[in-house]
Ligand code: SF4
Ligand code: SF4
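Numbering (my numbering), first residue to last: 442 to 868.
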């Protein structure tokens, strides 16, 4: 990663720990090779996304640094509820900061309880260990009141980075919707203050179109995964979603459209990455932030193929569009706030929308079984697994729940259990 160009001076200017970062960069290529590049029969359109991942701390960061040197701002976020349209409309770059690796967890555990989900520990750890150039580039880090661990972590993060927190309600009552609309408006004022740019109906309208275009492309890509045989592996589909959190919106949409065309041709020719008799699985549960391919990698090396992700790094990323027909900033912001509250993160209660959606996806993607993946100590998604399993039982789809973390210690045991589940589906 970053072998061709020497990015060290840039990383140094960003205040990174060069030595520790180099160790991470040395470890990643072999992981990436094994989980992603070594897969058979990959679509050619994945070349761009492979390169984007290999250059994730290099070429993309160079673009972000150039943007900053030209006076632009960078805003980092940990959650899909943060309105990206507002960030883009002010000419800023939005990046995802959720940590998906063991990096920095030891540093984070010095400040946080150990029995907290690895995503929260890794997110803080990325900052504490100075190994994430996205974190180092961020002029503002936007948190949200979703789960308890995250919102308390933001209080600590304030000591290390400028943090702004949005108050996300946990129900969808009329009062909650009003609160969230006010929060979106408050966020617009904050983004305008940070960037010095006024957001008007033209810039916001364009930003809504950009973000919708990206969502529509991801919808199109995922439509192809309903076919049997599956034209793309779950690992590759997840890689595309992961890149969406970092890449330039227009370039991403263009490259993903090229991939879509190839996948549609594959579907027409009944060409796929797995034999049509391969059990089809959906992953449901907590997000899989880069570079966490653990579950799809385990599933797809145990006899199954992943055809759908019911997660923020899957369907929730692109499922809902923002209404583009509004002609005032107020109405546009209302449409943005409405879209977000159609989402069904497990931090909401009651959360019947999610239960219904899991069942709908299981049917639409013709899945034989569901792996419910929960990051260790994630209470919201773990507790909600009961209702998801009951709903799937009613349509005769078996579900298997696995709890995991970012380490490798549990891989052998998880693989044995996942293999047994897939064998049962294949019978
Ligand atoms: S799972 Fe919930 S808290 Fe996490 S990114 Fe998704 S919406 Fe946000
Ligand atoms: S995985 Fe669960 S505990 Fe971790 S940040 Fe997401 S909602 Fe919170």
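Using N, Cα and C, we set each Cβ at its ideal position, and we do this for glycine too.
Proximal residues to residue i (C-beta, below 6 Å), its chain only, five neighbours per side dropped
i           : result
residue 606 : 584, 595
residue 792 : 785
residue 541 : 730, 731, 732, 733
residue 660 : 759
residue 454 : none
residue 844 : 815, 817
residue 559 : 816, 846, 847
residue 579 : 515, 517
residue 658 : 694, 697, 698
residue 533 : 514, 516, 636
residue 701 : 661, 662
Simplified DSSP state of residue i, which is helix, strand or coil
i           : result
residue 518 : strand
residue 865 : helix
residue 769 : coil
residue 822 : helix
residue 543 : coil
residue 848 : coil
residue 561 : helix
residue 572 : coil
residue 784 : coil
residue 620 : helix
residue 674 : coil
residue 718 : coil
residue 605 : strand
residue 457 : coil
residue 581 : strand
residue 827 : helix
residue 613 : coil
residue 536 : strand
residue 659 : helix
residue 523 : coil
residue 736 : helix
residue 816 : strand
residue 838 : coil
residue 729 : coil
residue 843 : strand
residue 452 : helix
residue 443 : Since pLDDT at residue 443 reaches only 42, below the 50 mark, its modelled position is unreliable, and no value is offered.
residue 811 : strand
Minimum Cβ-Cβ distance from residue i to chain B less than 8 Å
i           : result
residue 554 : No chain B is present in this structure, which holds just one protein chain.
From the options, residue whose alpha carbon lies closest to that of residue i
i           : options            : result
residue 827 : 795, 808, 455, 764 : 795
residue 451 : 483, 502, 474      : 502
residue 746 : 801, 696, 806, 773 : 806
residue 551 : 534, 539, 570, 535 : 570
residue 468 : 543, 510, 488      : 543
residue 592 : 609, 862, 580, 603 : 609
residue 575 : 500, 547, 599, 522 : 500
residue 691 : 844, 647, 680      : 647
residue 714 : 836, 473, 603, 485 : 485
residue 790 : 797, 821, 799      : 821
residue 724 : 696, 679, 704      : 679
residue 667 : 803, 823, 864, 474 : 803
residue 865 : 722, 751, 755      : 722
residue 711 : 749, 696, 665, 738 : 665
residue 520 : 655, 768, 727, 797 : 727
residue 523 : 512, 655, 538      : 538
residue 855 : 748, 740, 705      : 740
residue 489 : 689, 562, 787, 472 : 689
Same chain, Cβ closer than 8 Å to residue i, neighbours up to 5 away in sequence not counted
i           : result
residue 640 : 527, 530, 531, 629, 632, 633, 770
residue 456 : 571, 577
residue 442 : Reliability fails at residue 442, whose pLDDT of 44 lies under 50, so the model's placement of it is uncertain and no value is given.
residue 478 : 491
residue 860 : 743, 744
Neighbourhood of residue i by C-beta distance below 7 Å, restricted to the same chain and skipping five residues each side
i           : result
residue 460 : none
residue 547 : none
residue 835 : none
residue 699 : 486
residue 598 : 565, 568, 582, 604
residue 557 : 590, 818
residue 703 : 484, 485, 486
For the stretch 739-765, which segments carrying the beta strand (DSSP E) assignment without a break, of at least 3 residues, lie completely within its bounds, in sequence order? 746-751
Flag this pair as touching only if the stretch 811-822 and the stretch 839-852 have three or more C-beta atom pairs under 8 Å; answer yes or no. yes
Quick check on the DSSP output: what are the complete beta strand (DSSP E) runs of length 3 or more inside the stretch 480-516, in order along the chain? none
Determine, using beta-carbon pairs with one atom in the stretch 508-525 and one in the stretch 713-720, whether at least three such pairs fall under 8 Å. no
Closer than 8 Å is the cut-off here; do at least three beta carbon pairs connect the stretch 770-783 with the stretch 671-680? no
For the stretch 647-656 against the stretch 618-627, do three or more pairs of beta-carbon atoms, one drawn from each stretch, fall closer than 8 Å, so that the two count as touching? no
Quick check for students: name the residue ranges of the beta strand (DSSP E) that lie wholly in the stretch 623-650, counting only runs of 3 or more. none
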